[in-house]
Amino acid sequence: MKNIIIFGAPGSGKGTYSAAIVERFGMGHISTGDVLRGEIKQGTELGKIAKDYIDKGQLIPDQLMIDILALHYDSHPTEKGVIFDGFPRTIPQAEALKQMLAQRGHDLGMMIELVVDQDTLMKRLLRRAVEEGRADDNEETIRKRFEVYHSQTEPLSLWFAAQGIRHTFDWSICKTKEGMIEAIFREIERENGIKS
Ligand code: AMP
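Right under this line is the structure:
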């Protein structure tokens, strides 16, 4: 299976669709947000550094994030491909990922972009704040995360398009979670030459 980079704004469903893909295709899954929240929970040095940034809705510095990612990638089974969820979020991270994979004889695979309108994103994140109690799901931090997304992460969409690996899925077209999953599965199968 090709590697997958799942890409989209906060609240676009990266975690949800990653879980569905893992269940269907048995791929590995690295969520940098989950890794960082795990470090915070365990009270590690890295967790302490990460918490400051996460609570402010800011990104963890690129070099630190790139090192963390490489460490997790190398401790993961990669033969069925890996889903990168929440990474890369900046162009330097994307370039580092491409290089890290190339050094291991692997490549970026395909990028899955989730497009969701701003109102729906905000509603989902506020609901998640109640349901999951994530510290960074409060209105002020959410606004900051959107700002960071638009200025630092969204330009990456074009970077992936230039690599010829961008596949976009639009909530306003698919309309339901099931519709999105169906469309994403079909595209993954097509890319991997799997007959459904
Ligand atoms: P997420 O669960 O993917 O929404 O990530 C939660 C928070 O973790 C983000 O708002 C960032 O502060 C931090 N984070 C996760 N992934 C990255 C990354 N690739 N680069 C920088 N910061 C990240």
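The sequence shown begins at 327 in my numbering and counts up by one.
For each residue, glycine too, the CB sits at the ideal point set by N, CA and C.
Fair warning: this is a prediction, and the values are worked out from it, not measured in the lab.
Near the ligand AMP: residue i beta-carbon under 7 Å from a heavy atom
i    : result
R516 : no
H437 : Reading off the sequence, residue 437 comes out as Met, not His. M437 Cβ: outside cutoff for every heavy atom of the ligand AMP.
Y343 : no
T494 : no
I380 : yes
T358 : yes
G505 : no
I386 : yes
D462 : yes
F472 : no
L482 : no
Q419 : yes
M448 : no
F333 : no
F413 : yes
G364 : no
M426 : no
G373 : no
Environment of residue i [buried if 16+ CB atoms lie within 10 Å]
i    : result
S498 : exposed
E439 : buried
D393 : exposed
T502 : exposed
N329 : buried
A420 : buried
S477 : exposed
L484 : exposed
T479 : buried
G407 : buried
I520 : exposed
G431 : exposed
G459 : exposed
F362 : The sequence shown places Leu at residue 362, not Phe. Per the 10 Å Cβ criterion, buried.
A428 : exposed
L447 : buried
Chain-order list of residues whose beta-carbon lies under 6 Å from that of residue i (same chain, five-residue window excluded)
i    : result
G412 : S357, T358 and G359
I344 : Before going further, note that residue 344 is Ser rather than Ile in the sequence given. So the list reads I332, H355, I409 and D411, once near-sequence residues are dropped.
G339 : L440
S522 : E515
F486 : M437 and R492
R450 : G337
Y379 : I386
Contact set for residue i: own chain, Cβ-Cβ below 7 Å, skip 5 residues either direction
i    : result
K424 : L434
G383 : D462, T467, K470, R471 and V474
P269 : It is not possible to answer for residue 269, since the shown part of the chain is limited to 327 through 522.
N464 : A455
E504 : none
Own chain partners of residue i with C-beta closer than 8 Å, once the 5 adjacent residues on each side are dropped
i    : result
A396 : M426
L482 : F333, P414, R415, T416, I417 and A420
M377 : Before going on, a small fix: residue 377 reads as Lys here, not Met. Correct list, in chain order: I366.
Residue ranges of each beta strand (DSSP E) within the stretch 334-405, 3 or longer
354-357
Restricting to runs no shorter than 3 residues, where is the beta strand (DSSP E) found entirely within the stretch 464-511?
492-496
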